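A.B. asks:
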Amino acid sequence: MTEPDAVSGVDGAAKQAGRGANEEGEGTIRRVTEPDAVSGVDGAAKQAGRGANEEGEGTIRRVTEAKHHEVRQTTTRTITLEVTRYRPGQDSAPVLESFDVPLMDDWAVLDGLNYIKDQLDGTLSFRWSCRMGICGSCGMNVNGEPRLTCGTFFTEFGDGPIRIEPLKGFPIIRDLVVEVDDFLDKLRHVKPWLIREGEELPLTTEHAQTPAQLEAYKQYSMCINCMLCYSACPVYVLDPDFLGPAAIALAQRYELDSRDMGDRFDMLNLDEAVWGCTFVGECTKVCPKHVDPAEAIQRYKVTAAMRSILPWSRR
Amino acid sequence: MIDVLIVGGGGAGLRAAIAVAEADPELSVAVVSKVYPMRSHTVSAEGGAAGVIAAGDSLDEHCYDTVSGGDWLCDQDAVEAFVAEAPRELIQLEHWGCPWSREADGRVAVRPFGGMKRERTWYAADKTGFHLLHTLFQTTMKYGEIRRYDEWYVTKLIVDDGRVHGVVAVEIRTGHIETIAARTVILATGGCGRVFPFTTNAAIKTGDGMALAYRAGAPLKDMEFIQYHPTGLPFTGILITEAARAEGGWLINKDGYRYLQDYDLGKPTEKPKLRSMELGPRDRLSQAFVHEQRRGRTVETPYGPVVYLDLRHLGERKIDARIPFVRELCRSYQNLDPATDLIPVRPVVHYVMGGVHTDLDGATPIAGLYAAGETACVSINGANRLGSNSLPEILVFGRRAGTAAAAFAQAHRQAEPPAVHAQGEDERRRLERAREGNHGGDRIADLRERMQHTLEGAAGIYRTGAELAKAVDTLAELRERADGARMDDTSATFNTELINLQELHTMLDVAQTIAACALNRRESRGAHQRTDYEARDDREFLAHSLVYRAPDGAPSVGLLPVTITRWPPGERVYGRD
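Chains as they are written, first to last, in the working numbering: chain A, 54 to 368; chain B, 83 to 659.
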């Protein structure tokens, strides 16, 4: 089958379709040469423009010049960003739009997107915040790979073009923004908090935890919830019920914490949880924080298998 | 009707939410945040959280460090309460699972930090804020009664007859505009660093909560006190934590000279010395940079002058164990390795000491309205915050505000007045009009940039009355132009341009208060340095600035005496003892 496509509408039916196969492919690319066609037209004309291109002209809408803008440094070089555009209710399917932005050595893909938003087309929608790789907001597909756009630099792509699409595997809300509520429901489901029994220590005393005990779970606590691992996971893309890499890694973060007294066996020992994983390992490869969700899952498979043979062995 | 509505899902907001849930599980509590809570800027805090726990340390010493670090502008009753409760809050976080770094025997480890006389800064490597935020966020999931409005943007506080009654908010995903009635509201939206062009602050730090309170008639306090952190990466403004210096890093100029010794901060020693040299307070270090630059001893780069942070002598092992994020950031964003290369750094806007005027329980002068964290000014930070005081601050005062709001909601059960609906409808119409678009006018980004450069020029590390007066006028003019700003996006779905426009307005309101307060304070104190009034003036200005929004929209500044309990104003001494 073809690569699953990230693009889909937000309603349930389109969501299902979007998780399946690629429908349109290159047919949805569009080219526009006049800057005004992007920044100056009213909503109706724009809508018409999008409609016309759905027929698959094979063109990319192109924006080459900013009207009002001052770049702190001047450069004559530019690089082309091909960016997914999609507005539900106005566009029947996502299309690519092409923008030329200054090719600055220090710029990340996110800087390019902000240049578009600030100077070329204020209607482009995407999430970002910390621009230092810790808030987890700006995950997108960059030339087909799930990446944090704040930490993905132009220098990696030569003369371009760079294609920027929403993360695969999630319903698109608009442009580069995808719906991630499913993950938060799954995270809550694994009880991502310290489970204790009996009397709590007073607030004058901490639990002892040696550096080795900390090390046992530490890497799983480094997950920034950026969703790149879900986007890369071939199981999740086909089966939205799969608990998925980050939620399992975070369950393990508490399971392996010496202070935790909980038991997450019933939520992890399931076909939709650890046993659903086919151990492709893509999650670990794409993780920008070097968490190893694939290992978390395989380790829990061992734990779960031991529990089945030796039911009294809890951990 | 929601009992406690919290605006902002960072550390202060989430800590408040848990406090409400624990105070009374019958109370309804909502967290309304323009981003998913784990995206909040608390996530970026690196170095640590101060709390007295080590043998040989004392609450009084933490108080004195904080008060002298704040150049005696802190309210000392607030500092005493803060210092006393900080350790308990940090232990509470430990009980909730925060992965604090540990000593070999399993106790929580502490490290030195700038301006602190003892080692009292708890840390989780150098991702303390990240771990603190995720621990809090995941812990809130335990409480079914905490309802989240993720990616909702609050545009207005509804206030009638001196009391808050709720908010108006836009659901960003759908464009749905809703009036959410609430018995109490806690503002916990963080700071406003984005009013400056070069800042460590995330894109979301646009002073929303400050502007909401200010427009509703509550005063802001001490807005002129803007903290420049001495070590930001050029271009990106990414923070290199003070922990890098606490672990032994040196600041050197273009000649490889540890220049801080020339600025009354002590003499260089091999090992870091507390309250000395690189472990001096941030205001003094950033000011020293400006003098180095004037002497021609900084290095020119395309992104401005820099000095260097030298960590090479720490060695790879120590860097990886204690400050791994510093190495990760340098490699990913500056293309260098601090184990072998010098890190170029320059002062960068990091924190605002000022904020919404509150009492020790986070209460503002508007009944039912509270504020906590960087949004608020209690004040414990005075004229200059010490590194690692802000994380315990969000915990201590987040909890206090949550507890106080819960009690207020329990005591005031009456239904909403008719004004709530009327004000909500007015705000809805305003937002709908904005969303109709506007194809004339200035670009949002252009106005934002002008505002940022105006403030940087006039309200930077050193200031003059003439420049500030000019900035007050420029900002007023920009505010008028922002009313007619261009808006191309007319979509209801995830309209980020609509949000950016609202944020431009909040930033301009906040920017005006910064310039006005700075102009009014004719002295130099902490982070506020006036070259036309070089001395601290305790006779006139041992007082907070309180700024109200006048009926015509202009800021109106007054003064409020500082509360002194046990530490009379004295000289700030670093490196001399």
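All residues carry an ideal CB built from backbone N, CA and C; glycine is no exception. Bear in mind the structure is a predicted one, so any value in this text is a computation, not a measurement.
At a Cβ cut of 8 Å, what residues of the segment 337 to 354 of chain B count as close to chain A, listed as they run along the chain?
C.D. replies: For the segment 337 to 354 of chain B, which is checked against every Cβ of chain A, not one residue is closer than 8 Å.
A.B. asks: So, does the segment 105 to 122 of chain B touch the segment 224 to 231 of chain B, judging by three or more C-beta pairs under 8 Å?
C.D. replies: They touch, by the three-pair rule.
A.B. asks: Alpha carbon to alpha carbon, what distance is there between Thr137/A and Gly334/A?
C.D. replies: Roughly 27 Å separates the two Cα atoms.
A.B. asks: Out of curiosity, what's the CA-to-CA distance linking Thr613/B and Gln369/B?
C.D. replies: Their backbone Cα atoms lie some 12 Å apart in a straight line.
A.B. asks: Which residues, in order along the segment 265 to 295 of chain A, keep a beta-carbon less than 7 Å from a beta-carbon of chain B?
C.D. replies: Listed by position, the residues of the segment 265 to 295 of chain A near chain B (Cβ gap below 7 Å) are Leu267, Lys271, Ser274, Asn278.
A.B. asks: Please list the segments of the beta strand (DSSP E) lying wholly inside the segment 158 to 209 of chain A, counting only runs of 3 or more residues, in order along the chain.
C.D. replies: Here the runs fully enclosed are 192 to 195, 198 to 201.
A.B. asks: Hey, out of Val243/A, Asp228/A, Asn278/A, whose CA is closest to Lys170/A's CA?
C.D. replies: Closest by alpha carbon: Asp228/A.
A.B. asks: If we define contact as Cβ-Cβ less than 8 Å, is His144/B a contact residue for chain A?
C.D. replies: Answer no: the Cβ-Cβ gap between His144/B and chain A never drops below 8 Å.
A.B. asks: Report yes if the CB atom of Pro706/B is closer than 8 Å to the CB atom of Gln375/B, and no otherwise.
C.D. replies: Shown here, chain B extends from 83 to 659; a query on residue 706/B therefore has no answer.
A.B. asks: How is Pro312/B classed by DSSP in three states: helix, strand or coil?
C.D. replies: The answer is strand: DSSP assigns Pro312/B an E or B state.
A.B. asks: Does DSSP put Cys276/A in a helix, a strand or coil?
C.D. replies: Coil.
A.B. asks: Please report how far the alpha carbon of Gly111/A lies from the alpha carbon of Pro147/A, in whole angstroms.
C.D. replies: Any reading at Gly111/A must be qualified, since the residue scores a pLDDT of 39, below 50, and its modelled position is unreliable; the value itself is stated next. Looking at the two C-alpha atoms, the distance is approximately 14 Å.
A.B. asks: Can you have a look at Leu254/A and say buried or exposed, based on whether 16 or more other CB atoms are within 10 angstroms of its CB?
C.D. replies: Exposed.
A.B. asks: Give me, in chain order, the residues of the same chain whose beta-carbon lies closer than 6 Å to that of Ala264/B; leave out the 5 immediate sequence neighbours on both sides.
C.D. replies: Here the set comprises Ile84, Leu87, Gly248.
A.B. asks: How do the segment 524 to 537 of chain B and the segment 458 to 478 of chain B stand: do at least 3 beta-carbon pairs fall below 8 Å, yes or no?
C.D. replies: Short answer: they don't touch.
A.B. asks: Report yes if the C-beta distance between Arg202/B and Val190/B is below 8 Å; otherwise report no.
C.D. replies: Not a contact, by the Cβ cut-off of 8 Å.
A.B. asks: Quick one: measure Cβ to Cβ for Tyr225/B and Ile100/B, integer angstroms, because I've assumed they're closer than 8 Å.
C.D. replies: Yes, Tyr225/B and Ile100/B are in contact; Cβ-Cβ is about 7 Å, under 8 Å.
A.B. asks: Verify whether the separation of the beta carbon atoms of Arg568/B and His521/B is less than 8 Å.
C.D. replies: Closer than 8 Å, so yes.
A.B. asks: In this structure, does DSSP put Gln594/B in helix, strand or coil?
C.D. replies: It is helical.
A.B. asks: Between the segment 301 to 316 of chain A and chain B, which residues of the former have a C-beta closer than 8 Å to a C-beta of the latter?
C.D. replies: Answer set for the segment 301 to 316 of chain A: Leu303, Tyr307, Asp310, Arg312, Asp313.
A.B. asks: Could you please give the first and the last residue of the uninterrupted alpha helix (DSSP H) stretch that includes Gly407/B?
C.D. replies: Sequence check: residue 407/B is Phe here, not Gly. Element bounds for Phe407/B: 406 to 415.
A.B. asks: By the three-class DSSP mapping on this structure, what secondary structure does Trp204/B have?
C.D. replies: Of the three classes helix, strand and coil, the one that applies to Trp204/B here is strand, per DSSP.
A.B. asks: Could you spell out where the alpha helix (DSSP H) holding Leu291/A opens and where it closes?
C.D. replies: Looking at the DSSP string, the run of the alpha helix (DSSP H) that includes Leu291/A is 287 to 291.
A.B. asks: Taking the runs of the beta strand (DSSP E) that are 3 residues or longer, which of them lie wholly in the segment 321 to 371 of chain B?
C.D. replies: The segment 321 to 371 of chain B contains these whole beta strand (DSSP E) runs: 332 to 334.
A.B. asks: So for Gln611/B, helix, strand or coil by DSSP?
C.D. replies: Strand at Gln611/B.
A.B. asks: Three or more beta-carbon pairs under 8 Å between the segment 420 to 435 of chain B and the segment 456 to 464 of chain B, yes or no?
C.D. replies: Yes, since at least three Cβ pairs between the segment 420 to 435 of chain B and the segment 456 to 464 of chain B fall closer than 8 Å, the two stretches touch.
A.B. asks: Does the distance from the C-beta atom of Phe332/A to that of Asn278/A stay below 8 Å?
C.D. replies: Not a contact, by the Cβ cut-off of 8 Å.
A.B. asks: Please report how far the alpha carbon of Thr202/A lies from the alpha carbon of Cys282/A, in whole angstroms.
C.D. replies: Taking the straight line joining both Cα atoms gives about 15 Å.
A.B. asks: Which of the three DSSP states is assigned to Tyr544/B in this structure?
C.D. replies: Strand.
A.B. asks: Distance check for Ala541/B and Pro474/B, CA to CA, integer angstroms please.
C.D. replies: Distance between the alpha carbons of Pro474/B and Ala541/B: 28 Å.
A.B. asks: Do the segment 279 to 292 of chain B and the segment 416 to 431 of chain B touch if we need at least three Cβ pairs shorter than 8 Å?
C.D. replies: With a cut-off of 8 Å, the segment 416 to 431 of chain B and the segment 279 to 292 of chain B count as touching, because enough Cβ pairs lie within range.
A.B. asks: Strictly by DSSP, which residues pair up with Val639/B?
C.D. replies: Per DSSP, Val629/B.
A.B. asks: Buried or exposed for Gln416/B, going by 16 or more other Cβ atoms inside 10 Å?
C.D. replies: Gln416/B should be labelled buried.
A.B. asks: Please name the residue in Trp328/A, Pro219/A, Pro155/A whose C-alpha comes closest to that of Asp212/A.
C.D. replies: Taking only the C-alpha atoms, the option nearest Asp212/A is Pro155/A.
A.B. asks: How about Ala261/A: is its C-beta nearer than 8 Å to some C-beta of chain B?
C.D. replies: Yes - at least one Cβ of chain B is within 8 Å of the one on Ala261/A.
A.B. asks: In angstroms, rounded to a whole number, what distance separates the CA positions of Trp204/B and Ile173/B?
C.D. replies: Distance between the alpha carbons of Trp204/B and Ile173/B: 10 Å.
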